[in-house]
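See structure below.
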Amino acid sequence: MDQRLMMHRNVEGFHRVIEYALRFQIPVVYASSAGVYGANPSPQTEEQSPAPLNVYGFSKAVLDNVARKAAIGFSRTIVGLRYFNVFGPGEQFKGSAASMIYQLYRQMKAGKAPRVFKWGEQGRDFVYVKDVVEANILALSARSSGSFNIGSGSETSFNTLIETIRTALALDLKTEYFDNPYDFYQEHTCASIDLAREVLGYAPRFSVPDGIRDYLDYLEHSGR
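For any residue, its number in the working numbering is found by taking its place in the sequence shown, counting from 1, and adding 6.
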């Protein structure tokens, strides 16, 4: 990963967007990330101080700070959506950056054992892309500026993911566990979505199991 290039693309480009929005009085909705929270305890709330564990999360924390300052005295709204672990149709083009749900699906469809870090009890707040789309639409009519968590509001372990996919596909594949090679790793994420619910009217329609089943149905019928 070219860290300098990532900072340039994420931060410098965003500065230009904000300058344009301020000049022409245009509201802004932008993608932030749960990566800003780093190792903060779950559930993660917007009041927690940023503590990113990598340059991507750091770049998003910088964006949130730029947006917060720009929103002062601005007649329009600037809304940052802190996406948690998004999954759903269209992510096959992301390669290794695709969601764990997609990667596990591909492994298991190929007849391979699903592989996760020991012992699969790490957890993430997975949120279906259809709910994320709805959050973006709601953000266009936000009553106030700010950063908002966009997740399901619940944590799902990697073991639970595997069992859900295994059951849906009627497969009998044992899980393969391996050592986590990362020194800095978010063991658990879970979004507090209270603020997004209050300000944006955000209310996810899909539970994680329902979202996975809907997604797998799409993958099975699309051949992807």
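Cβ coordinates follow ideal geometry from the N, Cα and C atoms, glycine included.
Whole-angstrom distance between residue j and residue i, CA atom to CA atom
i: residue 164; j: residue 107; result: 9 Å
i: residue 21; j: residue 177; result: 49 Å
i: residue 123; j: residue 184; result: 5 Å
i: residue 202; j: residue 208; result: 6 Å
i: residue 65; j: residue 38; result: 9 Å
i: residue 139; j: residue 191; result: 28 Å
i: residue 147; j: residue 15; result: 27 Å
i: residue 154; j: residue 85; result: 8 Å
i: residue 55; j: residue 67; result: 10 Å
i: residue 128; j: residue 35; result: 31 Å
i: residue 175; j: residue 18; result: 44 Å
i: residue 222; j: residue 120; result: 16 Å
Residue(s) in a DSSP beta bridge with residue i
i: residue 50; result: 197
i: residue 122; result: 183
i: residue 88; result: 38, 155
i: residue 162; result: 130
i: residue 93; result: 134
Proximity to residue i [Cα-Cα], best of the options
i: residue 60; options: 47, 49, 43; result: 43
i: residue 53; options: 205, 223, 198; result: 198
i: residue 150; options: 13, 28, 33; result: 33
i: residue 242; options: 166, 130, 171, 172; result: Residue 242 lies beyond the range of the chain shown here (7 to 230); nothing can be said about it.
i: residue 218; options: 173, 204, 196; result: 173
i: residue 126; options: 169, 143, 214; result: 169
i: residue 30; options: 8, 9, 83; result: 83
i: residue 171; options: 196, 214, 189; result: 214
i: residue 159; options: 50, 28, 110, 26; result: 50
i: residue 110; options: 182, 152, 194; result: 182
Exposure of residue i, with buried meaning 16 or more beta-carbon neighbours within 10 Å
i: residue 161; result: buried
i: residue 187; result: exposed
i: residue 88; result: buried
i: residue 233; result: With the chain running from 7 to 230 in the structure shown, residue 233 is simply not present.
i: residue 228; result: exposed
i: residue 105; result: buried
i: residue 98; result: exposed
**Message:** With three or more C-beta pairs closer than 8 Å as the rule, is the segment 67-81 touching the segment 114-131?
**Reply:** no
**Asked** Would you say the segment 127-145 touches the segment 85-98, given that touching needs at least three Cβ pairs under 8 Å?
**Response** In short, these stretches touch, since the Cβ pair count reaches three.
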